[in-house]
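Here the structure is laid out as structure tokens; the discussion comes afterwards.
Shown next, in the form of structure tokens:
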């Protein structure tokens, strides 16, 4: 089935807004970034030799948030790695890294260690000191710091770092698409206290089962958008009566700049800037004890996820409620069908009793 051009455009806009908000702080900055009117990040291109191993690291650092927003690290024995130079442009260096990753298996441990060192050492205070130097394309302090930190972290003596830096647009220099299925980003390691807290918490088996349901439902969707249900106690539809494809109304959060921008992109804001409902096509409900996660396919193909603590009646668009035809037998929910069967049963008993009484009177 061909994708609707309008849907594809909305999906692309939503994806770009998501990428932009990983680096900038306001909706205005995000729009300017997407339009090419703003540069927001430093692109670090590093060639690192660790004893007899060669590696390349590329990283995007947000000037607005003072943090690494993307980092790829690749160490291997590939001959292509040794040919990469830091003065190459983004397209060339990422292409060469992807080819090297395909040619030779990466040294995953070393790649991860170097990436983690960069995440931990390039904190806000260090970055703010480096920005004026990077604006002059001076990477001397960065090179010295990384060489010393890698030596200390890996307990080795020979490390050589070459570096180049550019001030760029982050949305135009992302490795997600280029490295998909070939090379995974190195994510920032959790703080020690945070990791300890998580390990101390015992996982509730029932909640884990619900989480597995949610993960299964989420597969195939690039974007999950938190939403709120709209309740309609009189004209709404019960959980038990919902079937896949039913149209249900949702409201998107509209507080932070990120939420406002996404709501506007998905049509959840009117011309006056006020929130308005959007229509989702119901998929399923992941449920556990006192938790019901309602899933629907929303505009631009995003997955809408809403939460309720108990079954409720959900509001539907007027077009879905006005003049709606009754569902064919077996298409409605269990409760409606059971009540219908019970009513038919009592009617049948009444008819039999009435016929028996008439026969008794006539025979008498």
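In full-length UniProt numbering, the protein residues as written are 1 to 364.
Don't be surprised by glycine CBs; every beta carbon is placed ideally from N, CA and C.
Item	Value
Backbone secondary structure at residue 105 - three-state DSSP	coil
Contact check, residue 295 vs residue 230, beta carbons under 8 angstroms	no
Per DSSP, cross-strand counterpart(s) of residue 293	286 and 307
Straight-line Cα distance separating residue 215 from residue 337	Reliability of the predicted coordinates at residue 337 is poor, the pLDDT of 44 falling under 50, and no value is obtained from them.
Bridge-paired residues (DSSP) for residue 55	48 and 75
Residues near residue 368 by beta carbon distance below 7 angstroms, same chain, minus five either side	Within the shown structure, residues of the chain are numbered from 1 to 364, placing residue 368 beyond reach of any answer.
DSSP three-state assignment for residue 256, whether helix, strand or coil	coil
Residue range of the unbroken beta strand (DSSP E) whose run includes residue 300	Note, residue 300: premise wrong, no beta strand (DSSP E); not H, not E.
Top-ranked residue by Cα proximity to residue 238, from 316, 288, 119 and 173	316
Contact set for residue 285: own chain, Cβ-Cβ below 8 angstroms, skip 5 residues either direction	239, 242, 292, 293, 294 and 295
Under 8 angstroms between C-beta atoms of residue 42 and residue 58	no
Span of the alpha helix (DSSP H) around residue 212	205–218
Extent of the continuous beta strand (DSSP E) to which residue 162 belongs	159–168
Residues that residue 226 bridges to, as DSSP identifies them	305
C-alpha gap between residue 145 and residue 17, whole angstroms	34 angstroms
Contact between the stretch 133–149 and the stretch 21–36 (3+ Cβ pairs under 8 angstroms)	no
Nearest neighbour of residue 233, chosen from 314, 299, 81 and 306 [CA to CA]	314
Reduced DSSP secondary structure (H/G/I, E/B, other) of residue 90	helix
Within 8 angstroms, strictly: CB atoms of residue 36 and residue 169	yes
Any non-hydrogen atom of the ligand FMN closer than 7 angstroms to residue 174 Cβ	Ligands are entirely absent from the displayed structure, and the ligand FMN is therefore not among its contents.
Check whether residue 149 and residue 117 have beta carbons under 8 angstroms apart	yes
Of the listed residues 206, 302, 173 and 245, nearest to residue 220 (C-alpha basis)	302
Meets three-Cβ-pair contact criterion under 8 angstroms: the stretch 264–283 and the stretch 247–255	yes
For residue 154, the first and last residue of its enclosing beta strand (DSSP E)	That residue, residue 154, is in no beta strand (DSSP E); its alpha helix (DSSP H) goes 140–154.
Buried/exposed call for residue 136, threshold 16 Cβ in 10 Å	exposed
In DSSP terms, what residue 42 is bridged to	61 and 167
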